[in-house]
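One structure below.
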Amino acid sequence: MIVDDSAVVRQVMLDTLSKASDIQVIGSAPDPIFAREKMEKEWPDVIVLDIEMPRMDGLTFLKKIMAERPTPVVICSSLTEKGAEITMQALSAGALAIITKPSLGLRDFIQDSSADLLHAIRAASMARLQRLRPTAPVRTSHSPNTHSGATSSTSAMQERMGSPKLSADAILQAAGSQSTIQTTHKIIAIGTSTGGTQALESILPELPKTSPGIVIVQHMPEKFTASFAARLNSLSQIEVREAKSNDRILPGLALIAPGGKHMLVKRNGTQYHVDVIDGPMVSRHRPSVDVLFRSVANAAGRNAIGFILTGMGDDGARGLKELHDTGAHTYAQDEASCVVFGMPKEAIKLEASDEIIALERIPDVIAKLSNR
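Take any residue in the sequence shown, note its place counting from 1, add 13, and you have its number in the numbering used here.
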């Protein structure tokens, strides 16, 4: 079901989705009131939902749906600070994924972003409905919108559609065994995708200020990661922020890779810091979990703790294996607590994890490993 007040958006999405043999559009509507009437006749498996609409906004409709009959929802949001803030509220209310909608060049943009649209819908369709639930109450946070325009987003979509699937070799080489690295600090690396926003909202607020430094890749479009980091920061004892190059990784600090950039961990003596760089997509993502995990394996070796969480696809599976092989403690989220059991499943296939773990146990595991 497509719910958007723009007839152009609805038609272009319909044209795009009709070309996919595994997706059937059962209806479209200009606002939630019309959508709800159509859903009385046939309930959709996935809803693509605009935020700003007449009569009822998308966030209100989302909350009603999650209370009545939890259904996977993909948010179609504008690339504005206001749009990012409301989208964070939607993710906390149970939405699974974001596709971006700029104010200019809409038809061309949506045509270029068809791969992301299809990926988001397919991932949402695989979601475990019992895991769709609101997380912590939304607190208002104000984060600067450090990006402008839609050119980089559009070119990213074109790149994803037209380029081969690359490995982490496209960004950095594996350094071989790093099990002998000696530093004074542990480091935690987390990679996640669909369902990860809620997973991280379950983990980070439970961690004490004494927790080791944390680096995170959450697949999310650029323009949104700063707002997501600000929201997590408002909920947590530790500090959470969007990463910038040369940020040091310190106890009590979590750094989230900016959308549209790769994040690498590097070591200078006994200190860790991050580099935020451009580069080709790896495993069809930028930021890529594989890139982060390889860099952590190179820099930290056995001093690292790696977690691969809910998400569609296989980004991070090979990187977690590299972490495992350097002596790091590695964990994959279990199927029962995943929204989409894709990335952890692929890591388990590679024997990359020391343990398969429920989401609810992760904060305690981090606390115990951090004290060793």
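All C-beta atoms, glycine included, are put in the ideal place defined by N, C-alpha and C. As the structure is a prediction and not an experimental result, all values here were calculated from the model.
Legend entry - When E219, A42, I361 are compared against R68, the one with the closest alpha-carbon: Counting from 1 along the sequence shown, the entry for residue 68 is found at position 55. Answer by Cα proximity: A42.
Legend entry - Span separating the alpha-carbon of S168 from that of K178: By 1-based counting over the sequence shown, the position of residue 168 is 155. By 1-based counting over the sequence shown, the position of residue 178 is 165. Any answer about S168 is weak, because its pLDDT of 46 lies below 50 and its placement is not dependable; what the coordinates show is given next. So the two alpha carbons sit approximately 16 Å from each other.
Legend entry - I229 classed as buried or exposed, judged by whether at least 16 other C-beta atoms fall within 10 angstroms: Start at 1 with the first residue of the sequence shown, and residue 229 comes out as number 216. By the neighbour-count rule (16 or more Cβ atoms within 10 Å), I229 is buried.
Legend entry - Burial state of R244, where buried means 16 or more other Cβ atoms lie within 10 Å: Position 231 of the sequence shown holds residue 244. Buried: at least 16 other Cβ atoms inside 10 Å.
Legend entry - At least three beta-carbon pairs within less than 8 Å, the stretch 36 to 53 to the stretch 68 to 80: yes
Inset, instruction - Report the rounded CA-to-CA distance for A270 versus P376, giving the unit in angstroms. - result: Here the question's residue 270 lines up with position 257 in the sequence shown. Here the question's residue 376 lines up with position 363 in the sequence shown. Their backbone Cα atoms lie some 21 Å apart in a straight line.
Legend entry - Through-space distance from Q211 to T323, alpha-carbon basis: The sequence position of residue 323 within the sequence shown is 310, counting from 1. The sequence position of residue 211 within the sequence shown is 198, counting from 1. Rounded to the nearest angstrom, the two C-alpha atoms are 10 Å apart.
Inset, instruction - Note down the Cα distance separating L30 from E214, rounded to an integer number of angstroms. - result: To locate residue 30, count along the sequence shown from 1; it is residue 17. To locate residue 214, count along the sequence shown from 1; it is residue 201. Their Cα atoms are separated by approximately 32 Å.
Inset, instruction - Whole angstroms is fine: what's the gap from N281's alpha carbon to L248's? - result: Within the sequence shown, numbered from 1, the residue matching residue 281 stands at position 268. Within the sequence shown, numbered from 1, the residue matching residue 248 stands at position 235. Cα to Cα, N281 sits roughly 31 Å from L248.
Inset, instruction - Please name the residue or residues paired with F320 in a DSSP beta bridge. - result: Stepping through the sequence shown from its first residue, residue 320 is reached at position 307. Beta-bridge pairing links F320 to I203, Y344.
Inset, instruction - Check whether the stretch 216 to 229 touches the stretch 80 to 92, counting contact only when three or more Cβ pairs, one atom from each stretch, lie closer than 8 Å. - result: no
Inset, instruction - Assign L372 to one of two classes, buried (16 or more other C-beta atoms within 10 Å of its C-beta) or exposed (fewer than that). - result: The count along the sequence shown starts at 1 and reaches residue 372 at position 359. It counts as buried.
Legend entry - Sub-8 Å separation of V309 and K257 beta-carbons: Counting from 1 along the sequence shown, the entry for residue 309 is found at position 296. Counting from 1 along the sequence shown, the entry for residue 257 is found at position 244. Contact flag unset, no.
Inset, instruction - May I ask you to report which of helix, strand or coil DSSP gives T238? - result: Along the sequence shown, read from residue 1 onward, the residue named residue 238 stands at position 225. In this structure, T238 counts as helix in the three-state DSSP scheme.
Inset, instruction - Within its chain, find whatever has a CB closer than 7 Å to the CB of E368; leave out the 5 residues flanking it on each side and keep chain order. - result: Taking the sequence shown and counting its residues from 1, one reaches residue 368 at position 355. Hits under 7 Å: Y344.
Legend entry - Simplified DSSP state of E55, which is helix, strand or coil: For this step, residue 55 is matched to residue 42 along the sequence shown. E55: coil per DSSP, three-state reduction.
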